[in-house]
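**Q**
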Amino acid sequence: MGMNSTATAYNFGQLGSAHMHNDNGEDLTPPDGMVIVAITMLGATTFDKLTCDTSNSVVYSDTETNNVYFGIANGNTGGNSEVVDTSIEFPAGMTIYGRWTVVSLNAADTDGGIIAYFGF
């Protein structure tokens with residue numbers, strides 16, 4: 091029996107993905123109307139751009155309602171997070187989840203690069 095579920099589509103990358111391994115000053119951006127919702131590191135990876143989607147607010151119930159985003163130069167003091175900068179290295183095999191509009195590698199990744207998954 092078939093299943094038409096957005097959750098299933100996210101889990102299996104059915105909304106699209108892209109591979110990136112070079113650092114030629116290029117940015118990886120999602121298709122129009124979409125964002126990057128997950129990034130899997132195929133090798134040890136550092137980013138120089140991890141631009142958060144700021145189109146919606148993140149709401150923490152029973153605490154506060156603020157615009158709270160995580161990425162390069164963005165941290166959430168209320169959530170005790172730190173800014174992700176170019177010195178943070180993500181290990182191979184790790185997948186991070188969020189909402190980003192632009193991703194760029196800090197250096198060329200000869201170990202495989204990243205796979206970015208798209209969503210709404």
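Per this note's numbering, the very first residue in the sequence shown carries number 91; after that it's consecutive.
Note that beta-carbon positions come from the ideal geometry of N, C-alpha and C, so glycine has one too.
Computed from a predicted structure; not experimentally measured.
1. To the nearest angstrom, how far is the alpha carbon of A206 from that of L132?
2. Closer than 6 Å by C-beta to G103: which residues in its own chain qualify, once you throw out the five before and the five after it? Chain order, please.
3. Going straight from the alpha carbon of S177 to that of T136, what length do you get?
4. Taking all protein chains shown into account, do 16 or more other C-beta atoms lie within 10 angstroms of the C-beta of D199, making it buried, or fewer, making it exposed?
5. For G183, count neighbouring Cβ atoms within 10 angstroms of its own Cβ and tell me buried if that reaches 16, exposed if not.
6. For A197, which residues from the same chain have a beta carbon less than 6 Å from its beta carbon, with the 5 sequence-adjacent residues on both sides left out?
7. Identify, in the order they occur along the chain, each residue of the same chain with its Cβ nearer than 8 Å to the Cβ of P121, setting aside the five sequence neighbours on each side.
**A** Inspection of the coordinates gives the following:
1. 11 Å
2. Y207
3. 7 Å
4. buried
5. exposed
6. D113
7. G106 and F208
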